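Colleague:
Residue numbers (the working numbering), protein chains in the order written: chain A, 41 to 373; chain B, 40 to 337.
1. For residue 215 of chain A, tell me which candidate among A:87, A:339, A:299 and A:143 has the shortest Cα-Cα distance.
2. Listed from N- to C-terminal order along the chain, which residues in the segment 180-191 of chain A have their beta-carbon within a distance smaller than 9 Å of any beta-carbon of chain B?
3. Taking C-beta to C-beta, are residue 177 of chain A and residue 118 of chain A nearer than 7 Å?
4. Taking 8 Å as the limit between beta carbons, can you name the residues of its chain near residue 79 of chain A, skipping five residues before and five after?
5. Measuring only between beta-carbons, confirm whether residue 255 of chain A sits less than 7 Å from chain B.
6. So, is the C-beta of residue 162 of chain B closer than 7 Å to a C-beta in chain A?
7. Which chain A residues sit within Cβ distance under 9 Å of residue 186 of chain B?
8. Closer than 8 Å by beta-carbon distance: list the chain A residues that pair up with residue 131 of chain B, in chain order.
9. Do residue 101 of chain B and residue 114 of chain B have their C-beta atoms closer together than 7 Å?
10. List the residues of chain B whose Cβ lies closer than 7 Å to the Cβ of residue 166 of chain A, in chain order.
11. Can you tell me which of the three DSSP states residue 169 of chain B falls into?
12. With 7 Å as the threshold, decide whether the Cβ of residue 291 of chain A is near any Cβ in chain B.
13. Looking at the C-beta of residue 357 of chain A, does it have a partner C-beta in chain B at a distance below 7 Å?
14. Just to confirm, is the Cβ distance from residue 279 of chain A to residue 147 of chain A under 7 Å?
15. How many angstroms separate the CA atom of residue 253 of chain A from the CA atom of residue 263 of chain A?
16. Buried or exposed: where does residue 92 of chain B fall if 16 or more other Cβ atoms within 10 Å of its Cβ makes it buried?
17. Can you name the residues of chain B whose CB is closer than 8 Å to the CB of residue 343 of chain A?
18. In chain B, what lies closer than 7 Å to residue 322 of chain A by C-beta?
19. So, with DSSP's three-state summary, where would you put residue 330 of chain B?
20. Just to confirm my understanding: we take residue 39 of chain A, look at its own chain, exclude 5 residues before and 5 after, and list those with CB closer than 8 Å. What are they?
21. Residues of chain A with CB closer than 8 Å to the CB of residue 268 of chain B, please, in chain order.
22. From the beta carbon of residue 75 of chain A, is the nearest beta carbon of chain B less than 7 Å away?
23. Cα separation between residue 240 of chain A and residue 312 of chain A?
24. To the nearest angstrom, how far is it from the Cα of residue 287 of chain B to the Cα of residue 199 of chain B?
25. Under 8 Å between beta-carbons, which chain A residues line up against residue 293 of chain B? List them in chain order, please.
26. Does residue 54 of chain B get closer than 7 Å to chain A when you measure Cβ to Cβ?
27. Using a C-beta to C-beta distance shorter than 8 Å, which residues of chain D count as neighbours of residue 303 of chain A?
28. Any contact of the segment 128-136 of chain B with the segment 209-216 of chain B, i.e. 3+ C-beta pairs under 8 Å?
29. Assign residue 290 of chain A to one of three DSSP states: helix, strand, or coil.
30. Would you verify that the beta carbon of residue 147 of chain B is, or is not, closer than 7 Å to some beta carbon of chain A?
31. So with Cβ pairs under 7 Å, would you call residue 349 of chain A a contact of chain B?
32. Please list, in chain order, all residues of the same chain as residue 79 of chain B whose beta carbon is under 7 Å from its beta carbon, the five residues on each side excluded.
33. For residue 313 of chain B, return the contacting residues in chain A, with the cut-off set at a CB-CB distance below 9 Å.
34. Run the CB neighbour count on residue 251 of chain A, radius 10 Å, all protein chains shown included, and call it buried at 16 or more, exposed below.
35. Please report whether the beta-carbon of residue 154 of chain A lies at a distance below 7 Å from any beta-carbon of chain B.
36. Can you tell me whether DSSP reads residue 90 of chain B as helix, strand or coil?
Right under this line is the structure:
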């Protein structure tokens, strides 16, 4: 459902510049900052930024469901984790380790999990969807945790980072900078793809499901099929985030398949602003920044999730749109 | 064919009976947890994600009171009351401002609450499991096992609490208010029922039921800060399998699922036995999404 042209609340003075121009100028500025960042920032913050981008990708993938289709998924850890373990399998079984094979296998793993989850859980709506996705992610957690022979159980899997290979162009070890740029490239490409998807006719149907599912069905759209595709698409991007995280940290652990990861994903979304795609990345940054700040102020043992939980609840009550909520309409125009 | 017959002949009958008793005991506790969850959901349209944390908190308050007084029954009553008051204040602080918003915001808010409670307990008590000693230490002989009477007492107590709760719903004035609010919120308000306070009361009752089951369960296994998630997941499965919002269905499903898990634990580890209840959930979703233990809707 296309929304009627809205007044641009962002910059009434710049009315002469088109909406598109402003968007792309902003996009380029942010990109330039993120590209330069690893060369300027100290090591710790560079790594911090790279991880925020990965968590942001995970949160962005779940925004396709929460913000655009109106389904809250509490099971994104399954897709993330399967992406992680898929990449791990590719890196451990094939030598020399190949980056693209890792991505391929990670995506395949996530797609498998997503197909399974999507097929069953899209039969239910609202809260029951949320609960069933959570339960399915726990199934994957239990399997990965107990199948020690294959997954390494509690210890997880450790592997070495593959080379960064771009066929015919480049082949070299990942340095901290190239790792950051690689992650940035993948996240940016994912953002552009997801943005295109949400603005496509398919994305419009998803948004109409969010606004009024019964009416969408009455018009004649096969709602269930759209939902399944949406969950799978979302799962694929979550899996991609898992692959990136595995390559960045050189391990896969069952902790990341556990419910906590899904919960964090939902928190990122709500904090940053659902239905904006960039909001979840901002939310991830906000969350990790507060966490880092708290542990620096009060020590590592400080239960940072207590104040973060309070902030989260306060935001739900008083700022349900999230940090970037004010720009939601503008970003989706 | 021979392998199947061999398998059936090899089923240890004594173990089967022991697991039946075990399954019924955990099933009764689970029913107590799930009935609170169903009640809160049926009336307020709130999925209480923090329900497992209330269970856990009940167990921890029980541990503290037990350490102070040394009496299990005082611990049970005090923990129930304290968590009920806490539940009421939680509802007033976080859920009341959300009345009238999308029900999904309540699942997010209660998720936030569960995060806070879980981490608070971890911070205060550390990751080491605590235990309450059993109030009744006598055993009876069940085959080669000395089966503790306490477990049967738990099952009986849980059943009694559920019965009491049912009578309360049917007979008391507040129970009538609750049922009226379930049927028609607006009309109930028009008749002068203080609906916001009914919500708070219901949340407090649900919290109390969860806390009571937490204390009852505490002597059977260690009390840890992560036990809430296991129980809330199981309770959710029970609510879906039993038919959403149906109290009787939830109780039947709780016993059914606990029995299945207990039987599965004969052959696989208890961690893997959980998968059985997941499979029941999947099958229910596939073939009877309205729930196994409710009449077929028209």
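Glycine included, each C-beta is placed from N, C-alpha and C at the ideal position.
A quick note: this is a predicted structure, and the numbers were derived from the prediction, not measured.
Modeller: Judging by the given coordinates:
1. Indexing the first chain from 1 puts residue 215 of chain A at position 175. It is A:87 whose Cα lies nearest to the Cα of residue 215 of chain A.
2. 182, 183, 185 and 186
3. Taking the first residue of the first chain as position 1, residue 177 of chain A is located at position 137. Taking the first residue of the first chain as position 1, residue 118 of chain A is located at position 78. For residue 177 of chain A and residue 118 of chain A, yes; Cβs fall inside 7 Å.
4. As a first step, residue 79 of chain A must be located in the first chain, where it is residue number 39. 217, listed in sequence order.
5. Position 215 of the first chain, counted from the start, is the residue given in the question as residue 255 of chain A. Taking Cβ atoms only, chain B never reaches closer than 7 Å to residue 255 of chain A, which makes this a no.
6. Here the question's residue 162 of chain B lines up with position 123 in the second chain. Yes - at least one Cβ of chain A is within 7 Å of the one on residue 162 of chain B.
7. Sequence index remark: in the second chain, residue 186 of chain B carries index 147 (1-based). Near residue 186 of chain B there are no residues of chain A at all, since even the closest Cβ is about 28 Å away, more than 9 Å.
8. Working through the second chain from its first residue, we reach residue 131 of chain B at position 92. What residue 131 of chain B touches in chain A: nothing, since even the nearest Cβ is about 12 Å away.
9. Within the second chain, numbered from 1, the residue matching residue 101 of chain B stands at position 62. Within the second chain, numbered from 1, the residue matching residue 114 of chain B stands at position 75. Closer than 7 Å, so yes.
10. Sequence index remark: in the first chain, residue 166 of chain A carries index 126 (1-based). Result: 142 and 143.
11. For the purposes of this step, residue 169 of chain B is taken as the residue at position 130 of the second chain. In the structure shown, residue 169 of chain B sits in a strand (DSSP, three-state: E or B).
12. By one-based count along the first chain, residue 291 of chain A stands at place 251. Not closer than 7 Å to any Cβ of chain B, the Cβ of residue 291 of chain A fails to qualify, so no.
13. Stepping through the first chain from its first residue, residue 357 of chain A is reached at position 317. Cβ-Cβ to chain B under 7 Å: yes for residue 357 of chain A.
14. Within the first chain, numbered from 1, the residue matching residue 279 of chain A stands at position 239. Within the first chain, numbered from 1, the residue matching residue 147 of chain A stands at position 107. Result yes, Cβ atoms of residue 279 of chain A and residue 147 of chain A sit closer than 7 Å.
15. Numbered from its first residue, the first chain carries residue 253 of chain A at position 213. Numbered from its first residue, the first chain carries residue 263 of chain A at position 223. Looking at the two C-alpha atoms, the distance is approximately 8 Å.
16. For the purposes of this step, residue 92 of chain B is taken as the residue at position 53 of the second chain. Looking at its Cβ environment, which holds 16 or more other Cβ atoms inside 10 Å, residue 92 of chain B is buried.
17. Residue 343 of chain A sits at position 303 when you count from the first residue of the first chain. The contacting residues are 158, 159, 161 and 162.
18. As a first step, residue 322 of chain A is located in the first chain; it is residue number 282 there, counting from the start. In chain order: nothing, as chain B lies at least about 18 Å away.
19. As a first step, residue 330 of chain B is located in the second chain; it is residue number 291 there, counting from the start. Residue state, collapsed to three classes: coil.
20. Chain A is shown only over 41 to 373; residue 39 of chain A falls outside these bounds and no answer can be derived.
21. Taking the first residue of the second chain as 1, we reach residue 268 of chain B at position 229. By Cβ distance, chain A contributes 299.
22. As a first step, residue 75 of chain A is located in the first chain; it is residue number 35 there, counting from the start. Judged by the 7 Å Cβ criterion, residue 75 of chain A is not in contact with chain B.
23. Position 200 of the first chain, counted from the first residue, corresponds to residue 240 of chain A. Position 272 of the first chain, counted from the first residue, corresponds to residue 312 of chain A. Whole-angstrom Cα-Cα distance: 23 Å.
24. The residue you call residue 287 of chain B lines up with position 248 of the second chain. The residue you call residue 199 of chain B lines up with position 160 of the second chain. If you take the alpha carbons of residue 287 of chain B and residue 199 of chain B, they lie about 14 Å apart.
25. As a first step, residue 293 of chain B is located in the second chain; it is residue number 254 there, counting from the start. Under the 8 Å cutoff, chain A gives no residues; its nearest Cβ is about 16 Å from residue 293 of chain B.
26. Within the second chain, residue 54 of chain B is the residue found at index 15, counting from 1. Not closer than 7 Å to any Cβ of chain A, the Cβ of residue 54 of chain B fails to qualify, so no.
27. Absent from the structure: chain D. Protein chains present are A and B.
28. no
29. In the first chain, the residue the question calls residue 290 of chain A occupies position 250. If DSSP states are grouped into helix, strand and coil, residue 290 of chain A belongs with coil.
30. Taking the first residue of the second chain as position 1, residue 147 of chain B is located at position 108. Yes, residue 147 of chain B lies at the interface with chain A (some Cβ there is under 7 Å from its Cβ).
31. The residue given as residue 349 of chain A occupies position 309 in the first chain. Yes, because at least one Cβ of chain B sits closer than 7 Å to the Cβ of residue 349 of chain A.
32. Along the second chain, one-based indexing puts residue 79 of chain B at 40. Counting only Cβ-Cβ distances below 7 Å, and skipping sequence neighbours, we find 85, 87, 241, 242 and 245.
33. The sequence position of residue 313 of chain B within the second chain is 274, counting from 1. Under the 9 Å cutoff, chain A gives 178, 179 and 182.
34. In the first chain, counting from the first residue as 1, residue 251 of chain A sits at position 211. With fewer than 16 other Cβ atoms within 10 Å, it is exposed.
35. Position 114 of the first chain, counted from the first residue, corresponds to residue 154 of chain A. Not an interface residue.
36. Within the second chain, the letter at position 51 stands for residue 90 of chain B. Correct three-state label for residue 90 of chain B: helix.
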